[in-house]
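As they're listed, the protein sequences go chains A and B.
So the first sequence is numbered by the numbering used here: it starts at 1 and just counts up by one.
So the second sequence is numbered by the numbering used here: it starts at 1001 and just counts up by one.
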Amino acid sequence: SQELEQSPQSLIVQEGKNLTINCTSSKTLYGLYWYKQKYGEGLIFLMMLQKGGEEKSHEKITAKLDEKKQQSSLHITASQPSHAGIYLCGAAYAGNMLTFGGGTRLMVKP
Amino acid sequence: DGGITQSPKYLFRKEGQNVTLSCEQNLNHDAMYWYRQDPGQGLRLIYYSQIVNDFQKGDIAEGYSVSREKKESFPLTVTSAQKNPTAFYLCASSTTGTYSNQPQHFGDGTRLSIL
């Protein structure tokens, strides 16, 4: 969707390295969801951000939503092969369904 | 365990044939959704339903049809009018149809291919 852009489209990192995935909206978000997908499988919910400036962490994954509620980042610390997959952000705009970004394909080299 | 079950996992369609993808949930969710995912792309909304016996078109509804006769079931029919049906189809459900602080839960998907 042109409303929601994810970057980069793909990422290859060495195991142990940190990485960041970005999700940028053309308009103010009501909420932002991060999901992870393994190839050929469904989406696994990671985190939801709703408040400007909010930050949440789960294990080695941290997600932030900027103060203007138009950009979110997903940061993985000390990446592992288990982190490999497709990361998708989904945006909620007032009154609408979720709009998804194009996804970021992450590969972690052992 | 509660969850969403999609079947079959793989489906093949012949020219001119309608096929139906099954989606069942036992999460007691009111809202259900169907998405299409093409290679290297995000999800696009086909249809959604916020309550039994009611459903709305999403962004790419042409060539698809749905029904919502039961709360737990939301089958998707890919009709012969859909000229490019090859894709990965994902079903999801949530507690409400409009935005809430609860995430959508997803099934494992059905991969549809043309014979």
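Cβ coordinates follow ideal geometry from the N, Cα and C atoms, glycine included.
Remember, predicted model here, so these are calculated numbers, not experimental data.
Close-in-space but distant-in-sequence residues of the same chain around residue i (CB under 7 Å, 5 per side omitted)
i         : result
B/GLU1072 : GLU1024, GLN1025 and ASN1026
B/GLY1002 : ASN1026 and LEU1027
A/GLN80   : GLU15 and VAL108
B/ASP1059 : ARG1044 and LEU1045
Cβ neighbour criterion (16 or more within 10 Å) applied to residue i
i         : result
B/SER1093 : buried
B/THR1005 : exposed
B/LYS1131 : Because chain B here runs from 1001 to 1115, residue 1131 of chain B falls outside it and cannot be looked at.
A/ALA92   : buried
A/HIS58   : exposed
B/GLY1107 : buried
B/PRO1085 : buried
Whole-angstrom C-beta distance between residue j and residue i, which should lie under 8 Å
i         : j         : result
A/ILE61   : A/ASN18   : Actually they are not in contact, since the Cβ atoms of A/ILE61 and A/ASN18 sit about 11 Å apart, beyond 8 Å.
A/LEU49   : A/LEU65   : 4 Å
A/THR20   : A/GLU5    : No, A/THR20 and A/GLU5 are not in contact; Cβ-Cβ is about 15 Å, not under 8 Å.
A/THR28   : A/LYS69   : 5 Å
B/THR1095 : B/ASP1030 : 7 Å
B/GLY1063 : B/GLN1082 : 3 Å
Sequence-distant residues of the same chain with beta carbon closer than 8 Å to residue i, five excluded per side
i         : result
B/LEU1043 : TYR1035, ARG1036, GLN1037 and LEU1090
A/GLU54   : LYS64 and LEU65
A/GLY103  : GLN6, GLN9, GLN37, ILE86, TYR87 and LEU88
B/ASN979  : Here chain B has residues from 1001 to 1115 only, and residue 979 of chain B is not among them.
Sequence-distant residues of the same chain with beta carbon closer than 6 Å to residue i, five excluded per side
i         : result
A/GLY90   : TYR33, LEU98 and PHE100
B/GLY1016 : SER1080
Item to check | Where the stretch 17-42 of chain A meets chain B: residues whose CB sits under 9 Å from a CB there | outcome: Interface annotation for the stretch 17-42 of chain A against chain B: TYR30, GLY31, TYR33, TYR35, GLN37, GLY40, GLU41 and GLY42, criterion Cβ-Cβ distance under 9 Å.
Checklist entry - Could you give the uninterrupted runs of the beta strand (DSSP E) lying entirely in the stretch 57-87 of chain A, keeping only those of 3 residues or more? => result If only complete runs of 3 or more residues are kept, the stretch 57-87 of chain A shows the beta strand (DSSP E) at 61-65 and 71-76, in order along the chain.
Checklist entry - Taking any Cβ of chain A, which residues in the stretch 1101-1115 of chain B have a Cβ under 8 Å from it, in chain order? => result Taking 8 Å as the Cβ-Cβ cut-off against chain A, the residues of the stretch 1101-1115 of chain B that qualify are ASN1101, PRO1103, GLN1104, HIS1105, PHE1106, GLY1107, ASP1108, GLY1109 and ARG1111.
Item to check | Contact list for the stretch 1035-1051 of chain B against chain A, Cβ threshold 7 Å | outcome: For the stretch 1035-1051 of chain B, the residues whose beta carbon sits under 7 Å from a beta carbon of chain A are, in order, GLN1041, GLY1042, LEU1043, LEU1045 and TYR1048.
Checklist entry - Considering only residues of the stretch 6-42 of chain A, which uninterrupted beta strand (DSSP E) runs meet the minimum length of 3 residues and lie entirely inside it, listed in chain order? => result If we require 3 residues or more, the beta strand (DSSP E) runs fully inside the stretch 6-42 of chain A come out as 10-14, 19-25 and 31-37.
Next on the checklist: I'd like the ranges of any beta strand (DSSP E) spanning at least 3 consecutive residues and lying wholly in the stretch 1004-1072 of chain B.
Outcome noted: Fully contained in the stretch 1004-1072 of chain B are the following beta strand (DSSP E) runs of length 3 or more, in chain order: 1004-1007, 1010-1013, 1019-1025, 1031-1037, 1043-1051, 1054-1057 and 1064-1066.
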